[in-house]
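Residue numbers (UniProt numbering): 1 to 365.
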């Protein structure tokens, strides 16, 4: 039931109540106990207020009448004395028989005043009968109106209660469904958050390892460039040329490994840029991509080779930039687990750093 229909019903009920009050107060003398029992629950306080006002008015009228009676009782009237009365003649008190009227044996004509009164009485009786019939019709109509109003009011209350129960049931079902969806989403969010935290820690460790390898390879590359310059200046004989060729081959191998390392760093940067919260790509896809990268290593531009021809200050990668790009937002793809193969090392002795045994290539071991 809409708000407009409820408002219309309330308005019609108020009009019906006003009509019932008017009928009740106009025909109060003819009202019976049954009608009063039906009307009293409907009119309620208004009927009590009316009776209270009427009783007050009656009390005022009774008090005024009592006051008038008291005034009449307290008033003293003067009665004239008997001696002052004028005597009346006996003839006037006792008339003679001669003056007595004699009834006529003839039928007297009807008195016109009596006929007019009888006609007026008949008219009044007819009016009284008409008013009684009208009163009966009004009473019947009033009872019908009261019964119709009671029936409509009960039906309206029943429909309203049914509508409230139906709405409460629907809202309870919606609330339960929303609570279930909320619980599922919270569990999913917790799982994704824990997975992202785990991947973040794992990739942080991997990034640290890659930075260490990059720094180590840069140091080795700078040392090899210096050796390469020394060997290129010497160029005195076939042995030097052979050693130079071996060093250059080793340098190329080192450049290839550096290029692979740069590709891994670029993949991490792309993963950080394209990350969307809650989507995690399987590591198997990265393994397939690594195989493709191994097949196409010769087609990429040798970025490290370009840096190797520049001064050492420009060939070093910015660790701060890599860390900012890595941790500015969470990654979306798994870090490839394929380790970068470092160049062969010599066994470290006490007090010495790990160095590449590049002399093995120069001496033909």
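Note that CB positions come from ideal geometry on N, CA and C, so glycine has one too.
Remember, it's a predicted structure, so these values are computed and weren't measured experimentally.
Check whether the stretch 209–218 and the stretch 242–261 are in contact - that is, three or more C-beta pairs closer than 8 Å. Taking one beta carbon from each stretch, the stretch 209–218 and the stretch 242–261 have 3 or more pairs nearer than 8 Å; the two touch.
What does the alpha-carbon distance come out to for the pair residue 121 and residue 138? The alpha-carbon atoms of residue 121 and residue 138 are separated by roughly 25 Å.
Tell me which residues share the same chain as residue 2 and place their Cβ nearer than 7 Å to its Cβ, disregarding the 5 neighbours each side in the sequence. Cβ neighbours of residue 2 beyond the five flanking positions: none.
Applying the criterion that 16 or more other CB atoms from any shown protein chain within 10 Å of the CB defines a buried residue, is residue 165 buried or exposed? Answer is exposed; the Cβ neighbour count stays below 16.
Just to check my reading of the structure: residue 16 and residue 156 have Cβ atoms closer than 8 Å, yes? What is that Cβ distance to the nearest angstrom? A Cβ-Cβ separation of about 12 Å leaves residue 16 out of contact with residue 156 under the 8 Å criterion.
Hey, how far is the Cα of residue 18 from the Cα of residue 170? Spanning the two alpha carbons is a distance of roughly 39 Å.
Assigned exposure category for residue 175 - 16 Cβ within 10 Å defines buried: Its Cβ having fewer than 16 others within 10 Å, residue 175 is exposed.
To the nearest angstrom, report how far apart residue 20 and residue 67 are at their CA atoms. Distance between residue 20 and residue 67, taken at the CA atoms: about 38 Å.
For the candidate residues 242, 254, 203 and 197, whose alpha-carbon lies nearest to that of residue 224? Considering only alpha carbons, the answer is 254.
Do residue 268 and residue 199 come within 8 Å of each other at the CB atom, strictly closer than that value? Result no, Cβ atoms of residue 199 and residue 268 do not sit closer than 8 Å.
What is the DSSP secondary structure of residue 2, reduced to helix, strand or coil? In the three-state DSSP reduction, residue 2 falls in the coil class, being neither helix nor strand.
From residue 60 to residue 53, what does the alpha carbon distance come to, in whole angstroms? Residue 60 and residue 53: Cα-Cα distance of roughly 11 Å.
Hey, out of 173, 74 and 251, whose CA is closest to residue 222's CA? The shortest CA-to-CA distance from residue 222 to any of 173, 74 and 251 is the one to 251.
So, residue 151 versus residue 13, is the Cβ gap smaller than 8 Å? It is not a contact, given that the beta carbons lie outside the stated cut-off.
Sub-8 Å separation of residue 265 and residue 210 beta-carbons: Going by C-beta atoms, residue 265 is nearer than 8 Å to residue 210.
What would DSSP say about residue 75, mapped onto helix, strand or coil? It is coil, neither helix nor strand.
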